[in-house]
Structures are given as structure tokens and as C-alpha cells.
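*Asks:* In terms of my numbering, the sequence shown has 349 at position 357, counting the first letter as 1, and numbering is strictly consecutive.
For every residue, glycine included, the Cβ atom is placed at its ideal position computed from N, Cα and C.
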Amino acid sequence: MTPYDVAIIGSGIGGSTLAAILARAGKSVLLLEAGSHPRFAIGESVVPEFGARARLLAAAYDLPELAHIAEFQSLRHHVSANSGVKRNFSFLHHTPGRVVRDEHSFQFRTMTYPLGPDSHVYRPDLDHWLTAVAISRGAVYRERSPVQGIAVDADGVTIETPSDRHRASFVVDGSGHRSVLAARGEVTQRVDSRSIFTHMVGVRRQPRGDLPSPPDQGTLHHLFDGGWFWVIPFDNHSAAVNPVCSVGLTLDRSKHPDNDLGAEEEFFSFVERFPTVADQFQSARPVRSWVKTGRLQYRSPSITGDRWCLLPHAAGFVDPLFSGGMTMTLIGVDEVARRILATGSARLDGEESLEDCSGANLDVADRMVHGAYLAFRAPELFNAWFRVWAVGNFHASAGLARLVLKHLRTGDREHLEARHDAPHRRILGAGHPRLRGLFEEAHSIIGELDGTTVEDQQVAEVAGRLFRLLGDQSWIPPQFRVADPDRRHLASFTAFRLSGIILWGKRRAPEDMRELYYDVGPNFYWELTKALGREAARSLSAFRRVVTDAHTSRGRA
């Protein structure tokens, strides 16, 4: 048997990224995949925080390929032309039997150049590409090799597959909810949901209404009391080549328990309840088999052991709402990689444990999603609650983007290492006391609705308290207008408007927030100029290629 430094189970985004990082650093890596690529995977929508973390990891581990997944244009040109663009999160709140009203629509826009836009990631392409990157960096890849047994001894780990036996000093399980190593303990998450999903063609574009950004240019959420639909198009830009749209329905099991209905039958039974949703799916047809799950939530009581550890999706899961899963994966990959490179194990003296890091992020996600499910009961509630999430989304991405820009300007690795500082260790910026305090207090307010029958008066009272709480946070940029219920579409992040937010932050933000989130110099505009220049150069190059081929190479155009 060839002894490896590290064996990694699962070649999804987590396993393949970790394999590439470790192999690039000189470790001998075995990457085991139960199936083969390309293959379907869920988790197709990302947030700005994901892109900033991808850039930081690319620089920190000298793996420039990771920067290609940070934003849409790089992803489209270098990784997958089948992916879509994501310029916004759009939320429409529905009442059964009624067309959705403009005043029940809400939107939060994502970053633009030079830090965005974000992507709808076509996972069959991305996971395959990342696996190829890992192989090109030196990892040994074995597909159709499901793990049948793992034995740990004093000297290492033995891994059994149907055709072989492998030996490694350390094993990482990145196989997701089908984890080989994870124990399924008591589910502690507050959220209790299940999903039905597939890929479809023929999904109509949602009319824009009064939304500032077209909803088909981002991830569309159809919300109702007891659940929500996602609509993630891959054909939503001018250069699109993929007609597929990812669609799904996630249901609160306390209101819609498990049943024996077929997946497609149950999905369309909910579609038909809401005229606006029914219109969007009128001509839709699936292009792959439907998937219907039981409870989505799980959590392993332990994520590390003697010579092994779990990546985040193997350690636990909450819900696809708010698209935080792949960000948590990158955080976990980063934490595992730096421990293995430093000590050869899952432990690092002076740092919090992987259990604490993973568990804290699961808790943040659970609190945010649980609050959202309670807010689904009425549009007034969700209008207040989604602002709590949006504030975290902005500060998490702004803080990490500042580190990216600082490193680009100075080349100093201290800006890369700062990603491990407390404010940046949690999703949604929850490592900062101000953000963590906002999330906890907001959840305690909306949590009063849990297990109750909500009256209109109570809805208005709870929504009002949430808006007052938001209004009391003087550290939130005034451009967000978070305390104004009529401002249903929050701040834009075009270069001009983002400049206004940065200038406010430099002059008016509290001292503890100013340096962390707004200490951005003129190189922001230099990076913007370079990003626009790259796109212009690509367009010119494509034009020249067409002209050259048409005039000098018969049969090519």
C-alpha cells in the first residue's frame, strides 16, 4: 500500500478544494470518490462572503485557481460557461389564491465590480473542475471507490474500498450528509424542514414589478407561511448556454409533515396554491429525477477524532435558505488545511477547536433561518427579519473584501492571516460583538412567536420591535435605511453608491467598526478599473478571433 499523508473522502467542493490546497503545499493526498464526475450536487447559489473567502484562500495557499470561483465573470471564462449570474436576492411573499403584490416583494443586491457579481454555480462543472485542479496539483484521485470501512491504529488509518486498501496518516471526511465517519446524534437545530427539488427547463422569468434589479438576475425566493420555493436560473445572462433552472420547495415539517406523496405531485400541489408561482411553472419540465428528502437537519456530536475529522457538510446542516452552505464549507476547508499543514492533525495550539468553530457557525445559521421561518407567517415580519440577515451579509463580505484589497495593495500576508481573527471567523460577520448581539436580540424578539397562533396585532407589535431594534444600531450605514419599512429594497452596491457607504464608514462609523470594514484605500478604484479592463480585453479578443478565423481559416467562424 502507498502511504499517504492525507486521505480525503468525497470530491465535492469541500473535498476537492482541500485536496488541491494540501497537494499544492507538498502533502501526498488521496482523493476518494464513491461515484464519478460530472454529477449532480445541490448547493448552487453563493453570497458575496463566499467570493471574498475564495480570493483570500487563493492568495494564502498560493493556489490562484481558487480566485476563478470568486465571481461570475472569472467563473464563466475559466470554470463553467454553464453557470448563471447572481446580482440579487429577491423575496416574494405569497398568500394562497392571490397574485403576489408589489408591496410584498423585498430585495437585497449583491456586489458589483470589482468584487462581484456573484454566481449561480453549475455544480457538475464546478466539482469536476476542482477535482481536476486537485489532480493537477498532485493529488491521487480514485473514483467509483465507495469507502466500506475505516480502521484507525497508532500509526495511521486504513481505508477499505471494493477494489483496494489504502493507508494514510490522517483522513478527512468531506462526503456530506452520507458521511462515513459522522455519528448521527440528537438533532439540536431549531429548524425542522424538508425539501423537494430538481432541475427544469421552461421555467418562465418572473416579472420585475417594482424590484430595482430583475429577479431572474439572481436567486428568487417565493415565500409563504410554512415554506418557500427557490428558483436558481443558469440561463440568465447574455452569454448563457445552459437552459436549465434549479428549482426546489422547502417545507416546515411542523406544518407540512412527511407524507407518501410523490415528489413531483407534492411539489405541484404547492405550486397550484399560488397564482404567481403557478404562472412561472406553467411550462416547466424536469430534466432529471426528482429528489424528496426527510428532515434536512443533522449534526454530528463530534467532528474530530484520533487521525480524522469532518468537513462542515459532513458535520452538520441547517437549511438552504440564505445560501450560506458553501461559505461554511470554505471556512471549514481553511481551518482544516491550516491545522494539517501546521501539525498533521486537526488540532492547533492556541486556536479554538474545529468543534467550536463548526458548531458556532451552525448555530448562527440555525438562528437566522429559524427566525426567517417564523417571519414567513406575514410579509410585515419578513420585511423586518430579512434586514437582520442583510446587515450580516454586508458586514461579513465588506470585512473580508477589505482584507483582499489590503493584500492586493501591500502584498503583506498579515492581511491574509487576519481572516482568522475573531470578527471574521463566523458566517454573516457574527464574530463581531455588535453583529452577534443584533442577531441574538432579534431572534429573541421573533422567537416569541414560536409555537403560537399569530394574531395581526401581534405581527405588527413584533415587526415594530424589530424595526426599532434595527433603528437603534447607529453602526449600520444609513444608506440601508433599515428602520424604514417602506424601503423594501436595500442598498445598492454599484461603485458610486458603495463609495458613499465607504465614505460614511470612514467618517461616521464607530471606531471598532471603522478599521474592520471601511479602511479601504484608492486601490478599490484601481481594482475596479482593472476588472473593467479585463472584460473589455476579453470582448476585443473574441472579436479579433472571429475576424481572424473568418478570413484565414476556411470552415471556421
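Looking only at its own chain, which residues have a Cβ that is under 6 Å from the Cβ of Pro235, when we skip the five neighbours before and after it?
*Replies:* Along the sequence shown, read from residue 1 onward, the residue named residue 235 stands at position 243. Same-chain partners within the cutoff: Val193 and Asp227.
*Asks:* Out of Asp298, His69, Val383 and Leu408, which one is the CA nearest neighbour of Ala44?
*Replies:* Within the sequence shown, residue 44 is the residue found at index 52, counting from 1. Proximity to Ala44 across Asp298, His69, Val383 and Leu408 peaks at Leu408, based on C-alpha coordinates.
*Asks:* Mind checking which residues open and close the beta strand (DSSP E) that includes Asn74?
*Replies:* As a position in the sequence shown, residue 74 is number 82, starting the count at 1. Note, Asn74: premise wrong, no beta strand (DSSP E); not H, not E.
*Asks:* Count the other CB atoms within 10 Å of the CB of Ala231; is the residue buried (16 or more) or exposed (fewer)?
*Replies:* Along the sequence shown, one-based indexing puts residue 231 at 239. Classification for Ala231: exposed.
*Asks:* For Trp121, does the three-state DSSP call read helix, strand or coil?
*Replies:* To locate residue 121, count along the sequence shown from 1; it is residue 129. It is helical.
*Asks:* Compute the distance between the beta-carbons of Gly513 and Met505, then report whether it is under 9 Å.
*Replies:* Counted from its first residue, the sequence shown places residue 513 at position 521. Counted from its first residue, the sequence shown places residue 505 at position 513. Cβ distance not < 9 Å, so Gly513 and Met505 don't count as in contact.
*Asks:* Would the beta-carbon of Met360 fall within 9 Å of that of Leu420?
*Replies:* The sequence position of residue 360 within the sequence shown is 368, counting from 1. The sequence position of residue 420 within the sequence shown is 428, counting from 1. Yes, the pair counts as a contact, with Cβ atoms nearer than the cut-off.
*Asks:* What are the start and end residues of the alpha helix (DSSP H) that includes Gly429?
*Replies:* As a working note, residue 429 is residue 437 in the sequence shown. Counting along the chain, the alpha helix (DSSP H) containing Gly429 begins and ends at Pro425 to Ile438.
*Asks:* Find out if the Cβ-Cβ distance for the pair Gly240, Arg101 is shorter than 9 Å.
*Replies:* Your numbering for residue 240 matches position 248 in the sequence shown. Your numbering for residue 101 matches position 109 in the sequence shown. Contact flag unset, no.
*Asks:* Whether or not the region 149 to 164 and the region 307 to 319 are in contact is what I'm after, with contact meaning three or more pairs of Cβ atoms, one per stretch, closer than 8 Å; do they touch?
*Replies:* no
*Asks:* Along the chain, where does the alpha helix (DSSP H) that runs through Asp271 open and close?
*Replies:* Counting from 1 along the sequence shown, the entry for residue 271 is found at position 279. Unbroken alpha helix (DSSP H) run through Asp271: Pro267 to Gln272.
*Asks:* Is the region 172 to 184 touching the region 210 to 223, taking contact as three or more C-beta pairs under 8 Å?
*Replies:* no
*Asks:* Quick test of the definition: if touching needs 3 or more C-beta pairs under 8 Å, does the region 47 to 67 touch the region 2 to 18?
*Replies:* yes
*Asks:* With a CB to CB cut of under 6 Å and the five nearest residues on each side skipped, what residues in its chain are close to Asp117?
*Replies:* Mapped onto the sequence shown, residue 117 falls at position 125. If we look at Asp117 and ignore the five residues flanking it on each side, its Cβ neighbours are Ser72 and Asn74.
*Asks:* Within 10 angstroms of its Cβ, does Pro(-5) collect 16 or more other Cβ (buried), or is it exposed?
*Replies:* To locate residue -5, count along the sequence shown from 1; it is residue 3. Flag for Pro(-5) reads exposed.
*Asks:* Is it buried or exposed, Gly443, if we count other Cβ atoms within 10 angstroms and call 16 or more buried?
*Replies:* Taking the sequence shown and counting its residues from 1, one reaches residue 443 at position 451. Answer is exposed; the Cβ neighbour count stays below 16.
*Asks:* Tell me which residue opens and which closes the alpha helix (DSSP H) that Ile323 is part of.
*Replies:* Position 331 of the sequence shown holds residue 323. Element bounds for Ile323: Gly317 to Thr335.
*Asks:* Taking 6 Å as the limit between beta carbons, can you name the residues of its chain near Tyr133, skipping five residues before and five after?
*Replies:* Within the sequence shown, the letter at position 141 stands for residue 133. Counting only Cβ-Cβ distances below 6 Å, and skipping sequence neighbours, we find Leu23 and Ile127.
*Asks:* Report the option in Leu490, Ser28, Ser3 and Leu48 whose CA atom is closest to the CA atom of Asp165.
*Replies:* Locating residue 165 in the sequence shown gives position 173, where the first residue counts as 1. Out of Leu490, Ser28, Ser3 and Leu48, Ser3 has the C-alpha closest to the C-alpha of Asp165.
*Asks:* Count the other CB atoms, across all protein chains shown, that sit within 10 Å of the CB of Gly254; report buried if there are 16 or more and exposed otherwise.
*Replies:* If you number the sequence shown from 1, residue 254 lands on position 262. Exposed, because fewer than 16 other Cβ atoms sit within 10 Å of the Cβ of Gly254.
*Asks:* Quick one: what's Trp222 bridged to in DSSP?
*Replies:* Within the sequence shown, residue 222 is the residue found at index 230, counting from 1. Answer is His213 and Gly240.
*Asks:* Count the C-beta pairs between the region 60 to 69 and the region 189 to 204 that are closer than 8 Å, then say yes if the count reaches three, no if not.
*Replies:* no
*Asks:* Beta-carbon separation of Gly35 and Val125 under 9 Å?
*Replies:* Here residue 35 corresponds to residue number 43 of the sequence shown, with the count starting at 1. Here residue 125 corresponds to residue number 133 of the sequence shown, with the count starting at 1. Going by C-beta atoms, Gly35 is not nearer than 9 Å to Val125.
*Asks:* Rounded to whole angstroms, what is the Cα-Cα separation between Arg546 and Lys78?
*Replies:* By one-based count along the sequence shown, residue 546 stands at place 554. By one-based count along the sequence shown, residue 78 stands at place 86. Note that Arg546 scores a pLDDT of 49, beneath 50, so its modelled location is shaky and nothing firm can be said.
*Asks:* Where do the N-terminal and C-terminal ends of the alpha helix (DSSP H) with Val263 fall, by residue?
*Replies:* By one-based count along the sequence shown, residue 263 stands at place 271. Unbroken alpha helix (DSSP H) run through Val263: Ala255 to Val263.
*Asks:* Among Gln471, Asp244, Arg170 and Arg159, which has the Cα closest to the Cα of Ile188?
*Replies:* Here residue 188 corresponds to residue number 196 of the sequence shown, with the count starting at 1. For Ile188, the nearest C-alpha among the options comes from Asp244.
*Asks:* What does a CB cutoff of less than 7 Å around Arg418 pick up in its chain, not counting 5 residues either side in sequence?
*Replies:* Numbered from its first residue, the sequence shown carries residue 418 at position 426. Contacts found: Ala352, Asn353 and Val356.
*Asks:* Between the alpha carbons of Gly336 and Val144, how many angstroms are there, rounded?
*Replies:* In the sequence shown, residue 336 corresponds to position 344, counting from 1. In the sequence shown, residue 144 corresponds to position 152, counting from 1. Cα to Cα, the separation comes out at about 15 Å.
*Asks:* Let me check understanding here. Comparing Cα to Cα, which of Thr296, Ala455 and Pro425 lies closest to Ala175?
*Replies:* Here residue 175 is taken as the residue at index 183 of the sequence shown, counted from 1. Closest option to Ala175, Cα to Cα, is Thr296.
*Asks:* Is it right to say Arg394 is buried, meaning 16 or more other beta carbons lie within 10 angstroms of its own, or is it exposed?
*Replies:* Mapped onto the sequence shown, residue 394 falls at position 402. Its Cβ being crowded by 16 or more others within 10 Å, Arg394 is buried.
*Asks:* Using CA coordinates, which residue listed in Ala26, Asp110, His412 and Val380 is at the minimum distance from Ala59?
*Replies:* By 1-based counting over the sequence shown, the position of residue 59 is 67. Checked all of Ala26, Asp110, His412 and Val380; the closest Cα to Ala59 is Asp110.
*Asks:* Is Gly316 closer than 9 Å to Val39 when the C-beta atoms are compared?
*Replies:* As a working note, residue 39 is residue 47 in the sequence shown. As a working note, residue 316 is residue 324 in the sequence shown. Cβ atoms of Val39 and Gly316: closer than 9 Å.
*Asks:* Taking 7 Å as the limit between beta carbons, can you name the residues of its chain near Thr321, skipping five residues before and five after?
*Replies:* If you number the sequence shown from 1, residue 321 lands on position 329. The residues are Ile5, Gly6, Leu303, Pro304 and His305.
*Asks:* CB Leu482 to CB Thr104, shorter than 9 Å?
*Replies:* Translated into positions along the sequence shown, residue 482 becomes position 490. Translated into positions along the sequence shown, residue 104 becomes position 112. Against a cut-off of 9 Å, the Cβ pair of Thr104 and Leu482 comes out as no contact.
*Asks:* If you run the structure through DSSP and keep just helix, strand and coil, what is His112?
*Replies:* Mapped onto the sequence shown, residue 112 falls at position 120. Residue state, collapsed to three classes: strand.
*Asks:* Going by Cα to Cα distance, which pick from Glu343, Met318 and Thr319 is closest to Arg330?
*Replies:* Translated into the one-based positions of the sequence shown, residue 330 becomes position 338. By alpha-carbon distance to Arg330, the top candidate from Glu343, Met318 and Thr319 is Glu343.
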